[in-house]
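J.: Just so we're aligned, residue 572 is where the sequence shown starts under my numbering, counting upward by one.
One structure, as C-alpha cells, below. Some questions next.
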Amino acid sequence: MRVTYVSKGGTGPAYEIEADRHGSYTIRCEGRVVKRVTAVSSYVGRPVWGSKKLQLAAIEEAKAAIEAHHALEH
572 MRVTYVSKGG TGPAYEIEAD RHGSYTIRCE GRVVKRVTAV SSYVGRPVWG
622 SKKLQLAAIE EAKAAIEAHH ALEH
C-alpha cells in the first residue's frame with residue numbers, strides 16, 4: 572500500500588510511505604529513500620500472507636517517525 576503523508580499538519584514536505592502486509596515500510600521524499608524498515612522475517616504466529624493490521628501499523632509507525640524527525644529539526 573502506498574500513501575502520501577504531509578508532515579506538520581499539512582504544511583511540511585510530502586512523503587510517500589510504502590508498506591507491505593508483513594510490516595515493512597519505506598519512506599521517500601522527492602524520490603529519495605529517507606528510511607527503510609524491514610519486518611522480522613520469521614516469528615511464532617507470523618501470518619504466512621501477512622495482514623492488513625500489520626500494514627496499517629507500519630504506516631502509523633512511519634508517520635510517527637516522520638513527525639519525530641521534524642520535531643528534532645526545530
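We treat Cβ as the ideally placed atom computed from N, Cα and C, and that holds for glycine.
Since we're looking at a predicted model, the values are computed, not measured.
Starting from the Cα of Ile598, find the closest Cα among Ile637, Ala642, Glu644 and His641 and give me that residue.
T.: Position 27 of the sequence shown, counted from the start, is the residue given in the question as residue 598. For the residues Ile637, Ala642, Glu644 and His641, the minimum Cα distance to Ile598 belongs to Ile637.
J.: If you drop the 5 nearest sequence neighbours on each side, which residues of the same chain put their C-beta closer than 7 angstroms to that of Ala628?
T.: Translated into positions along the sequence shown, residue 628 becomes position 57. Here the set comprises Gly594.
J.: Residue range of the beta strand (DSSP E) that Glu589 falls in?
T.: Reading the sequence shown from its first residue, position 18 is the one you call residue 589. Here the beta strand (DSSP E) through Glu589 covers Ala585 to Ala590.
J.: For Ala590, count the other beta carbons within 10 Å of its own beta carbon; 16 or more makes it buried, fewer makes it exposed. Which is it?
T.: Against the sequence shown, residue 590 aligns to sequence position 19. By the 10 Å Cβ count, Ala590 comes out buried.
J.: In chain order, what are the residue ranges of uninterrupted beta strand (DSSP E) at least 3 long that sit wholly in the segment 598 to 622?
T.: As far as the segment 598 to 622 is concerned, its whole beta strand (DSSP E) runs of at least 3 residues are 603 to 608.
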